[in-house]
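Notes follow once the structure below has been shown.
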Amino acid sequence: MDTTKRGGVPLHWLMLIGFAVGLGAGLYVNQFVGPDVVWVQWLTSNVTGPAGQIFLRLLFMLVIPLLFSALVVGVAEMGDLKSLGRAGFKTLALTVVVSTIAVIIGLGMVNYFRPGDGVDPALAQRLLAEGAEGAAGIVENAPESVQFGQFFLDLIPSNVFTAAAENQILPIMIFALLFGIGLVMARGPNVDHLKLTIEGLLEVTMKLINMVIKLAPIAIACLMFNLAALFGWDLLVRLAAFVGVAVGAMAIHMFVVYPLVVLIGAGRSPLWFFKGVQRPMLVAFTTASSNATLPVSLKAAEDELKLPRKISRFVLTVGATANQNGTALFEGVTVLFLAQFFGIELSITQQVVVMLVCILGGVGTAGVPAGSLPVIAMILVMVGIPPEGIGLILGVDRFLDMCRTVLNVTGDLVLATVVSRGEKDEPVSPEPQPTVASVA
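Take the sequence shown: its letter number 16 is residue 240 in my numbering, and every next letter is one higher.
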């Protein structure tokens with residue numbers, strides 16, 4: 225999460241204040257005024273509603289260049305695949321496998337506990353209609369079902385520019401993945417210049433994302449006012465259930481999946497592993513930043529886990545930008561929770577699409593402050609969910625960001641431990657000593 229300050233106050237505190245103000249005002253209107261009063265409808269239609277939509281549309285505007293450049297750069301940073309050989313491919317394969325498990329756990333938890341159920345269907349349909357109207361022209365809703373073969377065929381864009389114009393997010397991410405692989409395989413000065421250009425595009429997009437996120441406190445207050453005025457106390461109950469399911473899914477991945485991966489994949493004791501990564505986990509939780517935790521993770525990998533330096537540095541550096549299990553899990557949980565909240569049943573096909581976008585999004589949004597917001601907003605519109613619903617989770621996102629950052633950082637260290645199995649650092653050759661003859 226971005227720690228930028230405005231007027232000396234950290235941004236996440238301003239977001240929390242905006243959440244509280246919007247929620248409190250909305251609950252007051254719901255309980256003592258009524259959402260159907262003329263002046264309330266005018267306020268939500270002409271002030272708070274458009275203000276929230278501006279924030280969302282700014283996110284939509286940046287989502288294509290953000291995902292393309294971040295995913296290409298994330299894959300291209302694995303340029304050491306040839307020099308590291310099997311270690312590089314093991315890193316890539318494990319990243320995909322463990323991220324897939326994380327998203328499946330999240331989707332399974334939401335489908336089982338259904339934290340978004342229980343909202344008045346009439347109110348949900350009302351906001352659903354308003355949200356669909358506001359999102360009109362951004363992207364088309366995903367179909368309810370498609371043929372299995374057609375689904376995979378649609379992953380490959382016949383024209384990437386057409387796909388971008390129609391905001392077909394998954395084909396664009398597939399193209400970006402292949403483009404990044406091409407940058408890894410190609411060599412030459414022109415390719416290096418192209419890579420620098422895409423990195424520049426990513427830097428510009430990240431800067432714009434930071435600027436947009438500074439509007440988040442106002443946008444959150446407006447979005448929460450609209451939602452709370454309509455749904456009342458049901459909103460708080462559903463929000464608490466969402467936090468519980470999200471944290472529960474992260475806990476399962478942390479204390480069940482990671483120990484099994486360490487035990488089976490690395491042949492090491494999970495207790496030994498968690499004892500060695502206590503400090504990176506603590507720093508990750510307090511800073512909510514994978515990048516800020518990277519130096520601590522590198523030190524723990526070398527000093528506590530005794531991993532080969534060449535492996536740990538490569539895997540942890542790549543993992544800080546590409547191996548984001550917690551982010552992928554969080555995105556999946558959020559999308560399905562909001563679908564349940566608005567009474568939208570997603571088909572198996574749509575849930576598979578959500579899972580794939582979340583897995584690739586874990587690479588495409590890594591290292592970008594609040595970078596998961598554009599991905600979540602775009603997926604919401606893809607499956608026909610009002611993007612205004614994102615305001616529900618922004619007020620509690622700081623705590624969940626801290627939790628998923630711990631999951632991300634720990635996952636990087638798990639990955640490094642498994643990849644390091646059977647690997648050793650190359651011994652440093654001593655400097656040759658001059659002989660008497662050579663001196664003479």
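Glycine is no exception: its CB is placed at the ideal position from the N, C-alpha and C atoms.
Rounded to whole angstroms, A524 and M285 show a C-alpha spacing of 40 Å. Distance from the Cα of I325 is smallest, within the candidate group A300, A601, L580 and V271, for L580. Just measuring C-alpha positions, the residue of I609, I614, M602 and P504 sitting nearest M626 is P504.
Of all C-beta pairs linking the stretch 238 to 245 to the stretch 435 to 453, three or more are shorter than 8 Å, placing the two stretches in contact.
E555 counts as buried, since at least 16 other C-beta atoms from the protein chains shown sit within 10 angstroms of its C-beta. Only buried fits F566, as 16 or more other CB atoms lie within 10 angstroms of its CB. About 11 Å separates the beta carbons of A601 and I617, which is beyond the 8 Å limit, so they are not a contact pair.
Within the same chain, V642 come within 6 Å of G489 by CB-CB distance, once the 5 residues on both sides are set aside. Spanning the alpha carbons of P494 and V322 requires a straight line of approximately 16 Å. A direct Cα-Cα distance of roughly 30 Å separates L425 from I609. Take the alpha-carbon of H236 and the one of P598: they are about 17 Å apart. For G342, the CB contacts under 8 Å within the same chain, skipping 5 residues up- and downstream, are D458, V461 and R462 in chain order. Secondary structure of P504 (DSSP, three-state): helix. Between the stretch 259 to 279 and the stretch 465 to 476, the count of Cβ pairs shorter than 8 Å is below three; the stretches do not touch. Distance from the CA atom of T541 to the CA atom of E526, rounded to whole angstroms, is 14 Å.
With a beta-carbon spacing of about 6 Å, S514 and T629 fall inside the 8 Å limit used to define contacts. Closest in alpha carbon position to L291, among L639, Q255, G404 and T386, is G404. The residues P339, in chain order, have a CB closer than 6 Å to that of A465 in the same chain once the five nearest residues on each side in sequence are set aside. Take V507, set aside five residues on each side of it, and the residues of its chain with a beta-carbon closer than 6 Å to its own are T517 and V520, in chain order. Relative to I288, the option among V469, L570 and A400 whose CA is nearest is A400.
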